[in-house]
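J.:
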Amino acid sequence: MMSKVRSPKRIASALAVSVLLSLSLAGGAYADSATDIAPGALTTPPPVEMNLNSSINILANKYLMNYFSSIGKVSSTQVGISGTTSASQAVDSLGINYVLQRWTGSAWVDAGASYDNGTNKASLSGSKTFNVQAGYYYRAKTIHWVNESGTYEEGTYHTSSVLVEL
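Throughout the sequence shown, residue numbering follows this note's numbering, covering 8 to 173 in sequence.
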């Protein structure tokens, strides 16, 4: 006779399968043919991606508590990237490395970089403006880091993409 008691392994397996199914269904929501090129774009849109690792990595950290970034169109030739890094206490140093990425139609390629850093603070916010070429989708890849008494922790965040129209 089979027990009706639900084991933690079975519950975890069922949860993992449902999450994977949800992600695979959501992943099909982007365009994948040349006929789906938006007005003002030179390429098809990039796939939608999620920052699943950012929450999981936070749990393992002692000092790096939270990080986030966003991207926005400033004009037809510029985008702005903003970011925040938060620590659990004032740390020796912390920072944000900003990497602008352009979608080629099949891959993300680096198109610019900059950084902000600070010392003896518990949080750091900053923003950078980058010149861009119209007709492409852009996103930010930001690396948020803290260093305290020789312990280095970092996390990477990818923003959603933004189309800079022709």
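For each residue, glycine too, the CB sits at the ideal point set by N, CA and C. Note that the structure is predicted; figures quoted are calculated from it, not measured.
Classify ILE150 as helix, strand or coil using the three-state DSSP reduction.
T.: If DSSP states are grouped into helix, strand and coil, ILE150 belongs with the strands.
J.: What does a CB cutoff of less than 6 angstroms around SER93 pick up in its chain, not counting 5 residues either side in sequence?
T.: Same-chain partners within the cutoff: MET72, ASN73 and SER130.
J.: Here's the rule: buried if 16 or more other CB atoms are within 10 angstroms of the residue's CB, otherwise exposed. What is ALA41?
T.: At ALA41, the pLDDT of 48 sits below 50, so the modelled position is not reliable and the matter cannot be decided from this model.
J.: Less than 6 angstroms between C-beta atoms, sequence neighbours within five positions excluded: which residues of the same chain meet that for VAL98?
T.: Excluding residues within five positions, the ones whose Cβ falls inside 6 angstroms are TYR70, VAL153 and GLU155.
J.: Near SER47, which residues of its chain fall below 6 angstroms by C-beta distance, leaving aside the five closest residues on each side in sequence?
T.: Just to set this straight, residue 47 is Gly in the shown sequence, not Ser. Hits under 6 angstroms: GLU172 and LEU173.
J.: Which value, in whole angstroms, describes the spacing of the CA atoms of ILE65 and SER95?
T.: So the alpha carbons of these two residues sit roughly 11 angstroms apart.
J.: Between which two residues does the beta strand (DSSP E) harbouring ILE103 extend?
T.: From DSSP, the beta strand (DSSP E) with ILE103 extends over 85 to 110.
J.: Are there 16 or more other CB atoms within 10 angstroms of the CB of THR158, so buried, or fewer, so exposed?
T.: So THR158 ends up on the exposed side.
J.: Can you give me the C-alpha to C-alpha distance between LEU107 and ALA120, rounded to a whole angstrom?
T.: About 6 angstroms.
J.: Exposed or buried, SER168, counting other C-beta atoms within 10 Å across all chains shown (16 or more means buried)?
T.: Buried.
J.: At which residues does the beta strand (DSSP E) containing THR136 begin and terminate?
T.: Per DSSP, THR136 belongs to the beta strand (DSSP E) from 115 to 138.
J.: Whose C-beta lies closer than 8 angstroms to the C-beta of GLN85 among residues of the same chain, with five residues either side of it excluded?
T.: Answer for GLN85: THR136, PHE137, ASN138 and VAL139, listed in chain order.
J.: Output the distance between the C-alpha atoms of GLY102 and THR163, rounded to the nearest integer angstrom.
T.: Rounded to the nearest angstrom, the two C-alpha atoms are 12 angstroms apart.
J.: Taking the alpha-carbon positions, what's the HIS151 to TYR105 distance?
T.: Rounded to the nearest angstrom, the two C-alpha atoms are 9 angstroms apart.
J.: Quick one: what does DSSP say LEU66 is sitting in, helix, strand or coil?
T.: The answer is helix: DSSP assigns LEU66 an H, G or I state.
J.: Would THR51 be called buried (16 or more neighbouring beta carbons within 10 Å of its own) or exposed?
T.: Result: buried.
J.: Alpha carbon to alpha carbon, what distance is there between GLY133 and ALA114?
T.: Rounded to the nearest angstrom, the two C-alpha atoms are 27 angstroms apart.
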